[in-house]
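K.L.:
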Amino acid sequence: MLISLSAVSAMNNKLSLKGGIFKSAIILTIAGVLSKLLGFYFRILLTNYTGAAGVGLFQMCIPLIALAFAVCCSGFSVAVSKYSASSPSLKWLFCVLKITISLSIAVMLLFLIFSDFIANHIFMESRCEGIIRITAISLPFMCIHNCLSNYYYSQKESFLPASSQLVEQLVRIGTIILYVRIKNVSTISIADAVTGNIFGEFAAATYCAIPLFFRSIHNKSMTQKLSCSLREYRYIVKYAFPINANQTVLHLLEGAEAILIPAILCMHGLSKDDAISQFGILTGMALPLVLFPCTAANSFALMLLPKVSDESSNVLSDHLAVTVKRTVSMCLSLGIISIFLFINYGARLGAMMFHEDSVYIYTCILSWLCPFLYLKISLTSVTNGMGHTALTFIINITGIIIRLACVFLLIPKLGITGYLYGVLISNICMSLLYIFNIYKKLNIQPDPFGSIIVPLCIAVISIFSSRIICRIVFGLIIKEAEEYTLLLTGAAICCIVYIILFIHEQSEQRPL
2 MLISLSAVSA MNNKLSLKGG IFKSAIILTI AGVLSKLLGF YFRILLTNYT
52 GAAGVGLFQM CIPLIALAFA VCCSGFSVAV SKYSASSPSL KWLFCVLKIT
102 ISLSIAVMLL FLIFSDFIAN HIFMESRCEG IIRITAISLP FMCIHNCLSN
152 YYYSQKESFL PASSQLVEQL VRIGTIILYV RIKNVSTISI ADAVTGNIFG
202 EFAAATYCAI PLFFRSIHNK SMTQKLSCSL REYRYIVKYA FPINANQTVL
252 HLLEGAEAIL IPAILCMHGL SKDDAISQFG ILTGMALPLV LFPCTAANSF
302 ALMLLPKVSD ESSNVLSDHL AVTVKRTVSM CLSLGIISIF LFINYGARLG
352 AMMFHEDSVY IYTCILSWLC PFLYLKISLT SVTNGMGHTA LTFIINITGI
402 IIRLACVFLL IPKLGITGYL YGVLISNICM SLLYIFNIYK KLNIQPDPFG
452 SIIVPLCIAV ISIFSSRIIC RIVFGLIIKE AEEYTLLLTG AAICCIVYII
502 LFIHEQSEQR PL
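Shown next as structure tokens:
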């Protein structure tokens with residue numbers, strides 16, 4: 002009887018959360034898609050004004066700022082979500098902000114003082130100095146923005162933090178355009194181009210802070226007690242430290258990877274500018290293009306985490322195996338159609354957008370990454386929801402080590418293509434490790450027919466249908482059309498046909 006009552010209670014809680022989680026996921030997906038589109042436009046601006054080498058320099062410095070963020074904020078912002086969930090009080094937010102702002106200012110000063118040393122002796126590229134200085138100044142605003150966003154998430158509000166991403170991107174893009182028009186120049190340095198990061202992060206932080214300020218005026222209980230005791234600060238640090246440490250290790254390895262790739266490409270026979278340009282084309286143009294559908298996978302993962310947490314309890318454990326099987330099937334379906342879309346349409350669109358022929362080749366190779374990448378994202382949420390965060394960390398480290406091994410072993414023989422294979426191999430291995438561990442624990446039998454064969458057949462039908470329809474429309478009805486129009490129309494038709502067939506195939510199965 003007790004088990005039955007607890008089961009009913011758990012199911013009721015899950016149903017009450019389902020609408021809010023689904024709504025939040027939709028909002029985040031829409032904001033994520035718009036943000037990625039703006040991000041593409043930002044990269045196109047960077048390419049036009051600074052060249053592929055400028056994009057490469059910027060991509061080299063990204064792991065450094067990610068490392069700084071991991072040290073200053075990563076775990077602390079998660080602590081805001083955890084401790085603020087039960088009350089709208091700003092107490093925990095203010096306590097965390099005191100820690101993160103202090104750390105971020107200290108790290109910012111270190112970067113400003115040692116930017117010359119970091120650029121010349123670590124990155125081996127003096128042009129990185131300006132980028133390091135600019136991104137260092139943006140760090141405190143980045144930390145404030147992230148903590149404020151996590152406070153809103155703790156209150157089950159997703160619109161403000163989601164829309165703040167758009168504010169950040171719009172201000173960043175607007176700053177570049179304004180700078181170019183004021184200076185009346187056709188090219189700018191990469192350091193000048195990334196100045197928009199400071200204004201973007203400041204605008205996003207301000208955008209999130211203003212509503213809280215007015216709420217606190219109308220609701221005095223939010224600001225009744227804003228100070229934390231020494232014991233409460235210890236709780237925050239104790240909770241945040243493992244997350245910060247894990248993220249720091251990951252970003253250290255990613256930083257080493259970003260430094261080593263151009264250096265080994267130079268050993269392969271390329272000039273420094275050519276090596277940085279190839280690195281920029283790959284990581285700043287082709288890879289973001291392939292990562293675009295990840296918006297859907299990330300939103301699905303957001304919905305998946307609380308669901309798995311519920312079902313991993315003793316009462317609802319019978320549902321977990323079904324959830325995992327459907328998750329794998331949906332990720333593989335999304336990944337398989339993405340391969341066809343990128344090879345037939347996306348790769349050429351990317352090459353046209355960035356005016357770089359290499360984008361086409363890199364995107365075609367990276368497209369095979371899609372099923373494993375989406376699996377990795379969703380199964381990471383499943384693993385975390387089951388409480389196996391240490392396993393997630395180990396698998397992530399394994400993936401980076403595989404990529405680093407390919408940097409040393411394959412790039413000297415194959416050039417930048419060797420790194421592409423390394424990214425593909427690492428994601429395949431990570432996905433298989435997740436599947437092996439989860440399937441073994443839950444005693445799940447693989448279903449290759451439903452997970453691979455059926456989506457593959459639907460994808461083939463969809464791509465051929467789109468080609469036939471496009472040939473009829475643009476060959477017989479519309480005689481003249483831009484290549485952009487042809488590619489976008491073909492991709493849209495393929496997606497529509499695939500969605501219709503996929504929904505029809507899934508209609509007989511129990512929904513996730």
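Using our numbering, you'd call the opening residue of the sequence shown number 2 and step up by one each time.
Every residue, glycine too, gets a C-beta built ideally from N, C-alpha and C.
Return the chain-ordered list of same chain residues with a C-beta closer than 8 Å to the C-beta of Val81, the five sequence neighbours on each side being excluded.
P.N.:
Trp93, Leu94, Val97, Cys148, Asn151, Tyr152 and Ser155
K.L.:
What residue range is occupied by the uninterrupted alpha helix (DSSP H) comprising Asp358?
P.N.:
Here the alpha helix (DSSP H) through Asp358 covers Asp358 to Leu367.
K.L.:
Our contact map puts Leu104 next to Val72 with C-beta atoms below 8 Å; I'd like the distance itself, whole angstroms only.
P.N.:
7 Å
K.L.:
Find out if the Cβ-Cβ distance for the pair Ala492, His252 is shorter than 7 Å.
P.N.:
no
K.L.:
Please work out which residues of its chain come closer than 8 Å, Cβ to Cβ, to Ile500, disregarding the five sequence neighbours upstream and downstream, and give them in chain order.
P.N.:
Nothing listed; no residue qualifies.
K.L.:
Using 7 Å as the threshold, is the C-beta distance between Ile262 and Pro456 below it?
P.N.:
The answer is no: Cβ separation not under 7 Å.
K.L.:
Please classify Ser10 as buried or exposed, where buried requires at least 16 other C-beta atoms within 10 Å of its C-beta.
P.N.:
Caution is warranted here: a pLDDT of 36 is assigned to Ser10, below 50, making its placement in the model unreliable, and the coordinate value is therefore given only provisionally. When all chains shown are included, Ser10 counts as exposed.
K.L.:
Would you say the beta carbon of Leu380 is closer than 6 Å to some non-hydrogen atom of the ligand MG?
P.N.:
Inclusion of the ligand MG in the displayed structure is not the case, the ligand content being empty and no account of it being possible.
K.L.:
Is the beta carbon of Ala259 closer than 7 Å to that of Pro64?
P.N.:
In this structure, Ala259 lies closer than 7 Å to Pro64 by Cβ.
K.L.:
Counting only runs that start and end within the segment 386 to 421, where is the alpha helix (DSSP H) found for 4 or more residues in a row?
P.N.:
390 to 410 and 412 to 415
K.L.:
For Arg349, I'd like the list of residues in its chain whose CB is within less than 8 Å of its CB, leaving aside the five on either flank, ordered along the chain.
P.N.:
Result list for Arg349: Tyr361, Glu484 and Leu488, in chain order.
K.L.:
Taking its Cβ as the centre, do 16 or more other Cβ atoms sit within 10 Å of Cys371, making it buried, or is it exposed?
P.N.:
buried
K.L.:
In this structure, does DSSP put His505 in helix, strand or coil?
P.N.:
Correct three-state label for His505: helix.
K.L.:
Going by C-alpha distance, which of Ser368, Cys495 and Val474 is nearest Ser466?
P.N.:
That would be Cys495, whose Cα lies nearest to the Cα of Ser466.
K.L.:
Would Tyr50 and Ala194 be called neighbours here (beta carbons separated by less than 7 Å)?
P.N.:
Contact flag set, yes.
K.L.:
Are the beta-carbon atoms of Asn592 and Phe394 separated by less than 7 Å?
P.N.:
Residue coverage of the chain in this structure runs from 2 to 513, which leaves residue 592 outside it and unanswerable.
K.L.:
Since Ser278 is in the alpha helix (DSSP H), which residue starts that stretch and which ends it?
P.N.:
Lys273 to Ile282
K.L.:
Given 8 Å as the limit, is there contact between the segment 116 to 134 and the segment 175 to 183, that is, 3 or more CB pairs closer than that?
P.N.:
Between the segment 116 to 134 and the segment 175 to 183 there are fewer than three inter-stretch CB-CB distances shorter than 8 Å, so the stretches are not counted as touching.
K.L.:
On the three-state DSSP scale, how would you describe Ile128?
P.N.:
Position check: residue 128 holds Arg in this sequence, whereas Ile was assumed. Arg128 falls in the coil class under three-state DSSP.
K.L.:
What is the DSSP secondary structure of Ala493, counted as helix, strand or coil?
P.N.:
In the structure shown, Ala493 falls within a helical segment according to DSSP collapsed to helix, strand and coil.
K.L.:
DSSP state of Pro294, grouped into three classes?
P.N.:
Reduced to three states, the DSSP call for Pro294 is coil.
K.L.:
Suppose the cutoff is 8 Å on Cβ atoms and the five residues either side in sequence are ignored; what does the same chain contact list for Gln60 look like?
P.N.:
Excluding residues within five positions, the ones whose Cβ falls inside 8 Å are Ala259, Phe280, Gly281, Thr284 and Gly285.
K.L.:
Does the distance from the CB of Ala287 to the CB of Leu342 come in under 7 Å?
P.N.:
no
K.L.:
Is the distance from the Cβ of Met354 to the Cβ of Gly400 below 7 Å?
P.N.:
no
K.L.:
How many Å lie between Ile31 and Phe373 at the Cα?
P.N.:
23 Å
K.L.:
Check this for me: beta carbons of Leu167 and Ser36, under 7 Å apart or not?
P.N.:
With respect to Ser36, Leu167 sits close: the two C-beta atoms are nearer than 7 Å.
K.L.:
Give me the Cα-Cα distance between Pro447 and Ile504, rounded to the nearest whole angstrom.
P.N.:
22 Å
K.L.:
In angstroms, rounded to a whole number, what distance separates the CA positions of Tyr325 and Val383?
P.N.:
One detail in the question is off: residue 325 reads as Val in this sequence, not Tyr. So the alpha carbons of these two residues sit roughly 8 Å apart.
K.L.:
Taking the alpha helix (DSSP H) that Lys83 belongs to, which residues open and close that run?
P.N.:
Gly76 to Ser85
K.L.:
If you run the structure through DSSP and keep just helix, strand and coil, what is Ser217?
P.N.:
helix
K.L.:
Starting from Leu261, trace the alpha helix (DSSP H) both ways and give me its first and last residue.
P.N.:
Leu231 to Met268
K.L.:
Closest to Ile396 by CA distance: which of Cys365, Tyr363 and Leu434 is it?
P.N.:
Leu434
K.L.:
With distances taken between CB atoms, is the gap from Ile100 to Ile138 smaller than 7 Å?
P.N.:
No, the Cβ-Cβ distance between Ile100 and Ile138 is not below 7 Å.
K.L.:
I need the straight-line Cα distance from Ser271 to Ile426, nearest angstrom please.
P.N.:
Before going on, a small fix: residue 271 reads as Leu here, not Ser. Cα to Cα, the separation comes out at about 25 Å.
K.L.:
Would you mind reading off the limits of the alpha helix (DSSP H) that contains Val181?
P.N.:
Phe160 to Lys184
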